[in-house]
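Undergrad: Okay, so the sequence shown: first residue is 57 according to the working numbering, each after it adds one.
Yeah, the Cβ is synthetic: ideal placement off N, Cα and C, and Gly gets one too.
Sharing a structure here in structure tokens format.
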Amino acid sequence: VRYDEDVALPHDYDGQACSLARTLEVVGERWTLLIVRDAFFGVRRFGDFAAHLRIPRAVLTDRLRSLTAAGILARVPGEAGRDEYQLTAKGVSLWPAVRVLTAWGDDHYAAADGPRRIFLHAADDGPLDQFSRCPRCGQAVGAMDTVVVPGPGLASPSPEDDSVTAAMARPHRLLQPLRAGALS
Ligand SMILES: [Zn+2]
57 VRYDEDVALP HDYDGQACSL ARTLEVVGER WTLLIVRDAF FGVRRFGDFA AHLRIPRAVL
117 TDRLRSLTAA GILARVPGEA GRDEYQLTAK GVSLWPAVRV LTAWGDDHYA AADGPRRIFL
177 HAADDGPLDQ FSRCPRCGQA VGAMDTVVVP GPGLASPSPE DDSVTAAMAR PHRLLQPLRA
237 GALS
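Shown next, in the form of structure tokens:
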């Protein structure tokens with residue numbers, strides 16, 4: 057894996073043997089975890105990542121390439137002959153980290169109204185805690201069985217929203233491909 061010039065962490069630093077340092081080399085760059093999060097939310101197409109994240113296209117290209125090289129995303133044939141990006145099993149196993157970081161942000165940086173998104177157990181609508189435990193059935197719930205719904209801090213949809221943002225504002229199961237066009 058190679059790193060570009062704008063990488064936030066020094067290329068060589070005293071923590072190379074540390075698993076956290078290695079993890080951050082892969083997912084610690086700006087935008088990378090946001091791309092991974094969007095992939096959990098069902099974004100798969102280059103244009104949809106670009107529209108939702110408003111990320112410069114050259115940076116998106118670079119990040120998708122490094123996530124694919126790291127085996128976190130896989131490039132798969134999509135509709136209309138365009139490739140799409142799908143989380144691999146290795147990528148899906150990042151879900152607990154994404155979830156707990158999101159919950160940490162909700163605790164410390166959420167809007168006054170509360171979190172933007174709430175995560176529910178698909179089987180019984182139990183509101184999952186930061187460790188994805190369901191209070192109704194006591195299970196630890198994986199990404200596949202998690203439904204994301206708008207929380208109180210999510211702004212009401214506006215006509216100016218891109219179609220991905222609009223589709224994401226509807227309750228949906230994680231990892232199900234978001235078909236923004238078809239849903240809007
Ligand atoms: Zn449950």
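Under a Cβ-count criterion, where at least 16 other Cβ atoms within 10 Å of its own Cβ denotes burial, should Y141 be classed as buried or exposed?
TA: Label assigned to Y141: buried.
Undergrad: Starting from P133 and walking both ways along the beta strand (DSSP E), at which residues does that stretch end?
TA: Per DSSP, P133 belongs to the beta strand (DSSP E) from L129 to P133.
Undergrad: Which one of G182, D218 and P213 has the shortest CA to CA distance from D201?
TA: Closest by alpha carbon: G182.
Undergrad: Using the Cα positions of D118 and R138, report the straight-line distance between them to the nearest angstrom.
TA: One C-alpha to the other measures close to 18 angstroms.
Undergrad: Grab the span of the beta strand (DSSP E) containing R119 for me, first residue to last.
TA: Per DSSP, R119 belongs to no beta strand (DSSP E); it is in the alpha helix (DSSP H), R113 to A125.
Undergrad: What separation, rounded to the nearest whole angstrom, lies between the Cα atoms of G98 and L234?
TA: The straight-line gap from Cα to Cα measures roughly 5 angstroms.
Undergrad: Quick check on DSSP: helix, strand or coil for R22?
TA: A question about residue 22 goes unanswered here, because the residues of the chain that appear run from 57 up to 240.
Undergrad: Report the partner residues of V203 according to the DSSP bridge assignment.
TA: V203 is bridged to L176 and R229.
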